[in-house]
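Q:
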Amino acid sequence: SEAIVAVADPTFTAQNWETTQSVQLSAKQDDDGADITSGVVAYIVDQSVYNLPDSQRKSVLIHDDDSPAFVIAPKTLEINEGSRATVAVKLVSKPTFSDSSDNRVVVDLYHQNPDIIVDKTSLTFTALDWNSSQNISVSAAHDIDFHDESTSLTLIANKGDYESVSAEIGIAVKDDERASIVVDRQSLSLSEGATATVVVKLSHKPSGDVVLNLEQAGLAWVAVDGDIERTGLQSTATFTRTNWNQGRKIGIITVTDEDANDESGTLGFTATGGSYDGVVSNLSVRVSDPDINEILTTGLENPIYYTEGLSYTFGVRLKSKPTGTVRVSVAADDTILSFSPSSLTFTPTDWKKAKNIALSVSQDTDEQVNRPAITLSAVGGGYDGNSKVFNTTVEDDDAKRIIITPESISLGEGDNATIELRLSDAPLGSVEIQNTIHIGHDISADHFSIVPTTAVTFTADNWNVKQSRRLELTDDDNAQTETITVIFCDEDNVYRCDRVVVEAVDDDTQGLMISPAGSIAVNEGESVSVDMALRAQPPSEVELRLTPPLSQTHLSLTPTKLVFTKDNWNTVQSVTFAAPLDLNGVDERFEVPIRVHEKETGILDTDFGTPSLSVEVRDRDRQTSQTTPGIVMLDSLRITENINSSVSVRLANRPSGSVSVAITPSSAGTSFLRVGPILNVPHKINLTKLTHTLFFDQDNWNRSQSFLVGSLRDYDAVGRQAELVAVASNRPMIPSRNMRRIKRL
């Protein structure tokens with residue numbers, strides 16, 4: 030046989046003929062994997078010496094060293110998601126078959142990953158093409174997650190000596206997507222005190238629960254609420270494998286502060302869990318502050334009259350909280366005025382407190398009236414460039430003048446006081462002194478008067494005799510303490526004018542009148558009106574702002590702003606507090622802040638304080654305990670005979686596990702009522718069942734499911750009435766004894 034080769038033939042001579050010689054046999058490699066029985070033949074080359082048989086035969090069994098297997102290249106595939114790769118497969122050895130009826134080796138291909146696509150389901154090899162490679166194309170489809178995956182393609186052969194021979198091709202899929210937090214906007218602009226929502230979801234399905242941390246360290250001007258449906262700020266938001274792609278409303282709440290600075294920064298939402306560890310999404314937020322930086326003064330109200338040789342005091346403070354130290358300097362364009370100190374320093378902690386400056390008026394030798402301007406200017410703390418200018422009149426003490434005593438009076442509402450006037454020098458003739466009243470913007474001229482109203486007349490005989498006038502202040506509607514300046518002047522300008530300063534002290538207190546006050550209760554599905562008005566007339570238009578809950582799922586306010594003027598301040602205006610129906614069975618409580626701002630500037634008016642209204646929303650589906658959930662379904666329904674109608678059902682509360690709800694007619698309805706599922710053509714469905722069951726779990730408990738109810742057709746003209754009973758149970762078709770779990774329609 031050609032399968033066996035003798036390495037060297039033995040040679041015998043006269044000397045060694047009786048010595049046994051060994052013959053080394055070598056088996057050739059072949060292409061199959063079968064054992065072979067071959068023969069070894071020994072024969073004499075030269076028969077001239079020995080007269081022996083031509084040959085002797087010896088049988089030899091050759092054990093094949095080839096095991097049936099596959100040649101695979103490459104043995105492992107690396108595929109990018111959305112791409113494909115090719116692997117070549119052939120047999121190690123020529124197949125052998127015991128049955129010649131079908132001399133084919135069929136290699137079946139199997140895989141269990143739905144995202145892997147193989148272009149064929151099997152390979153076929155024969156004794157002719159067993160060593161010719163056949164290609165398999167493997168593709169990796171896009172999926173909704175972001176995970177790299179490892180899987181395999183299994184090869185299993187049948188027929189011949191390859192029966193049940195198997196191999197695996199490793200497949201490593203590199204995902205082309207990365208986990209991210211998707212926010213519906215990249216930036217947000219708000220006014221101070223305003224709220225807004227952004228919608229957040231995950232980019233891909235997580236491997237488990239993902240928790241977003243929403244706490245913003247170091248950003249005191251903003252707060253983030255992870256669940257606007259719940260009372261209070263939630264510092265986290267959780268996504269699961271079922272709701273990862275459902276947008277979650279995240280509340281962005283800006284905080285009202287005392288400064289006038291715009292704020293800006295970046296909010297970071299950081300994820301943990303579900304293969305999202307360390308994933309961060311940023312939101313740029315800019316907050317516009319309606320407040321303004323301004324220098325405020327007391328004692329420098331126009332008109333400003335000073336007298337030579339006297340000293341005065343005025344106060345200075347800031348309108349808004351500075352960002353740092355502010356230096357306010359005071360100066361005049363005439364050396365007749367001097368100040369002590371000439372500058373004041375304010376910090377973020379004492380900016381509200383008025384600080385006094387002493388003003389001294391020096392004497393000169395002339396009799397001229399001086400009109401210097403006082404300038405206040407600020408530097409630092411965000412107040413750079415802020416200044417105020419006050420024009421003043423300095424009356425000469427050497428000139429003839431009108432003398433009034435006292436120079437200042439404090440009057441309460443309903444009070445009166447007397448002042449006395451005289452001249453410093455005798456006139457040449459008759460002098461008439463007229464008065465001019467300068468009243469602040471917060472008091473009406475109707476509430477202040479001088480009695481009598483006639484001019485004061487002096488002559489050469491009575492110039493130094495004091496004449497009196499009575500100053501009267503009546504009640505007004507506002508709550509402002511104001512300054513009234515009454516100036517008395519000689520019509521001929523021979524005598525220098527003099528004045529009396531009246532402090533009109535108001536006995537009213539500003540505030541809000543709210544009815545009902547303190548707290549209200551609103552039943553779910555109903556509304557309550559709250560009346561509001563001001564206690565006193567405001568100095569200018571004010572806007573009353575109510576801050577509703579960020580989510581109005583449980584409570585809505587209409588309107589959220591009321592405007593009061595000098596004319597309608599005591600006219601009652603109403604706000605409606607409405608509680609929509611919700612999906613839970615829980616009472617909610619809210620604290621609704623009420624703030625009053627100047628309408629024109631938007632600045633908070635602190636005279637009204639910081640009132641609020643406590644609101645309790647009493648849930649219609651209120652639970653008595655956690656073990657008494659309810660079913661939400663219509664209470665009544667009118668249907669037409671032989672026409673189906675749909676009814677929606679949901680649970681009132683999230684269950685602790687799976688819940689079935691069985692819908693069945695009452696005993697009075699079993700003769701004519703039928704129920705069933707909703708299909709594509711509900712009006713054509715012939716309902717035959719007396720029971721239809723709906724299934725709920727912790728994920729779909731608040732999503733309505735519908736069923737059909739219909740009445741069998743009869744041939745009378747009589748209407749019928751019965752109940753459908755919905756019974757919930759924790760195990761299918763086992764009714765609960767708890768009546769809270771039974772709903773009747």
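With the sequence shown counted from 1, adding 29 to any position gets you the numbering used here.
By construction, the Cβ of each residue, glycine as well, lies at the ideal position given by its N, Cα and C atoms.
Taking just the CA atoms, how far does VAL284 sit from LEU610?
A: Translated into the one-based positions of the sequence shown, residue 610 becomes position 581. Translated into the one-based positions of the sequence shown, residue 284 becomes position 255. Each residue's Cα considered, the two are about 30 Å apart.
Q: Give the single residue among THR422, TYR412, TYR524 whose Cα lies nearest to the Cα of LEU457.
A: In the sequence shown, residue 457 corresponds to position 428, counting from 1. Just measuring C-alpha positions, the residue of THR422, TYR412, TYR524 sitting nearest LEU457 is TYR524.
Q: Please work out which residues of its chain come closer than 6 Å, Cβ to Cβ, to LYS348, disregarding the five sequence neighbours upstream and downstream, and give them in chain order.
A: Residue 348 sits at position 319 when you count from the first residue of the sequence shown. GLU323, LEU325.
Q: Taking C-alpha atoms, which residue in SER179, VAL308, ILE386 lies nearest to LEU243?
A: Walking along the sequence shown from the start, residue 243 turns up at place 214. When each option's Cα is compared against that of LEU243, the closest is VAL308.
Q: Ignoring anything shorter than 3 residues or poking outside the segment 256-303, list the beta strand (DSSP E) runs there in chain order.
A: 265-268, 277-283, 292-301
Q: Bridge partners of VAL480, per DSSP?
A: Residue mapping note: residue 480 aligns to position 451 of the sequence shown, counting from 1. Answer is ARG499.
Q: Tell me the DSSP secondary structure of PHE637 in three-state form.
A: Locating residue 637 in the sequence shown gives position 608, counting from the first residue. Note: PHE637 maps to helix in three-state DSSP.
Q: At which residues does the beta strand (DSSP E) containing THR226 begin and terminate?
A: As a first step, residue 226 must be located in the sequence shown, where it is residue number 197. Here the beta strand (DSSP E) through THR226 covers 224-231.
Q: How is ASN191 classed by DSSP in three states: helix, strand or coil?
A: As a first step, residue 191 is located in the sequence shown; it is residue number 162 there, counting from the start. This sequence places Tyr at residue 191; Asn is not what is there. Per DSSP, reduced to three states, the secondary structure at TYR191 is helical.
Q: Compare the beta carbon distance of VAL121 and VAL100 with 8 Å and say whether it is the shorter of the two.
A: Reading the sequence shown from its first residue, position 92 is the one you call residue 121. Reading the sequence shown from its first residue, position 71 is the one you call residue 100. Remark: C-beta atoms of VAL121 and VAL100 approach each other more closely than 8 Å.
Q: Are the CB atoms of VAL418 and LEU339 within a distance shorter than 8 Å?
A: Residue 339 sits at position 310 when you count from the first residue of the sequence shown. Residue 418 sits at position 389 when you count from the first residue of the sequence shown. Inclusion of LEU339 and VAL418 in the CB contact set at 8 Å is not warranted, their separation being larger than that value.
Q: Compare the C-alpha of ILE365 against each of ALA565, ALA562, ASP527, GLU424 and name the closest.
A: For the purposes of this step, residue 365 is taken as the residue at position 336 of the sequence shown. Selected option, being the one with the closest Cα: GLU424.
Q: Which of the three DSSP states, helix, strand or coil, is assigned to GLY748?
A: Start at 1 with the first residue of the sequence shown, and residue 748 comes out as number 719. Coil.
Q: From LYS278 to VAL661, what does the alpha carbon distance come to, in whole angstroms?
A: For the purposes of this step, residue 278 is taken as the residue at position 249 of the sequence shown. For the purposes of this step, residue 661 is taken as the residue at position 632 of the sequence shown. Computed Cα separation, rounded: 25 Å.
Q: In the DSSP assignment, find the unbroken beta strand (DSSP E) run with ARG683 in it and report its ends.
A: Along the sequence shown, read from residue 1 onward, the residue named residue 683 stands at position 654. Where ARG683 is concerned, there is no enclosing beta strand (DSSP E), because DSSP gives it neither an H nor an E.
Q: Using only the alpha-carbon positions, how far apart do PHE477 and PHE593 sit?
A: Numbered from its first residue, the sequence shown carries residue 477 at position 448. Numbered from its first residue, the sequence shown carries residue 593 at position 564. Distance between the alpha carbons of PHE477 and PHE593: 25 Å.
Q: Would you kindly report the start and end of the unbroken beta strand (DSSP E) that includes ALA402?
A: Within the sequence shown, residue 402 is the residue found at index 373, counting from 1. Its beta strand (DSSP E) spans residues 402-408.
Q: Less than 8 Å between the C-beta atoms of ASP634 and VAL621, yes or no?
A: Numbered from its first residue, the sequence shown carries residue 634 at position 605. Numbered from its first residue, the sequence shown carries residue 621 at position 592. No.
Q: Mind listing, in chain order, the continuous beta strand (DSSP E) runs of no fewer than 3 residues lying wholly within the segment 340-407?
A: You should have 340-347, 355-361, 366-369, 372-375, 384-390.
Q: For the putative contact between ILE692 and ALA755, defined by C-beta atoms under 8 Å, what is the C-beta separation to the nearest angstrom?
A: Stepping through the sequence shown from its first residue, residue 692 is reached at position 663. Stepping through the sequence shown from its first residue, residue 755 is reached at position 726. Confirmed, Cβ separation roughly 5 Å.
Q: Do you know offhand how far VAL502's Cα is from GLU617's?
A: By 1-based counting over the sequence shown, the position of residue 502 is 473. By 1-based counting over the sequence shown, the position of residue 617 is 588. The amino acid occupying residue 502 in the given sequence is Leu; Val does not appear at that position. Approximately 51 Å between the Cα atoms of the pair.
Q: Start and end of the beta strand (DSSP E) containing PRO694?
A: The residue labelled residue 694 in the question sits at position 665 within the sequence shown. Here the beta strand (DSSP E) through PRO694 covers 688-694.
Q: Under the three-state reduction of DSSP, which class applies to LYS104: helix, strand or coil?
A: In the sequence shown, counting from the first residue as 1, residue 104 sits at position 75. LYS104 falls in the coil class under three-state DSSP.
Q: Going by the beta-carbon positions, is the gap between ALA402 and THR327 smaller than 8 Å?
A: Position 373 of the sequence shown, counted from the start, is the residue given in the question as residue 402. Position 298 of the sequence shown, counted from the start, is the residue given in the question as residue 327. Going by C-beta atoms, ALA402 is not nearer than 8 Å to THR327.
Q: Any idea what DSSP makes of TYR334, helix, strand or coil?
A: The residue given as residue 334 occupies position 305 in the sequence shown. Note: TYR334 maps to strand in three-state DSSP.
Q: Which class does ASN164 belong to by DSSP, given the choice of helix, strand or coil?
A: Counted from its first residue, the sequence shown places residue 164 at position 135. Strand.
Q: Just to confirm my understanding: we take SER317, look at its own chain, exclude 5 residues before and 5 after, and list those with CB closer than 8 Å. What are they?
A: For the purposes of this step, residue 317 is identified with residue 288 of the sequence shown, where counting begins at 1. Correct list, in chain order: SER218, LEU219, SER220, GLU221, ASP291.
Q: Output needed for SER687: all residues of its chain with C-beta closer than 6 Å, excluding positions within five of it in sequence on either side, in chain order.
A: By one-based count along the sequence shown, residue 687 stands at place 658. Here the set comprises ASP726.
Q: For VAL212 and SER310, I'd like the C-alpha separation in whole angstroms.
A: Taking the first residue of the sequence shown as 1, we reach residue 212 at position 183. Taking the first residue of the sequence shown as 1, we reach residue 310 at position 281. Using only the alpha carbons, I get a separation of about 8 Å.
Q: Report yes or no: do three or more beta-carbon pairs, one from the segment 222-240 and one from the segment 183-200, lie closer than 8 Å?
A: no
Q: Have a look at THR299, GLY297, GLY303 and flag the residue whose alpha-carbon is nearest the alpha-carbon of THR269.
A: Stepping through the sequence shown from its first residue, residue 269 is reached at position 240. The option with the nearest alpha carbon to THR269 is GLY303.
Q: Does the segment 507-515 come into contact with the segment 487-496, if we say contact requires no fewer than three beta-carbon pairs (one atom in each stretch) closer than 8 Å?
A: no
Q: Out of GLY111, ILE173, GLU192, point me to the one whose CA is closest to SER127's CA.
A: In the sequence shown, residue 127 corresponds to position 98, counting from 1. That would be GLU192, whose Cα lies nearest to the Cα of SER127.
Q: Where does CYS526 fall in DSSP's three states?
A: Here the question's residue 526 lines up with position 497 in the sequence shown. Three-state DSSP puts CYS526 in coil, outside helix and strand.
Q: For SER439 and LYS381, what's the separation of their Cα atoms in angstroms?
A: Translated into the one-based positions of the sequence shown, residue 439 becomes position 410. Translated into the one-based positions of the sequence shown, residue 381 becomes position 352. C-alpha separation (whole angstroms): 25 Å.
Q: Here's the rule I'm using: 16 or more other beta-carbon atoms within 10 Å means buried, otherwise exposed. How should THR376 be labelled?
A: Along the sequence shown, one-based indexing puts residue 376 at 347. That one is exposed.
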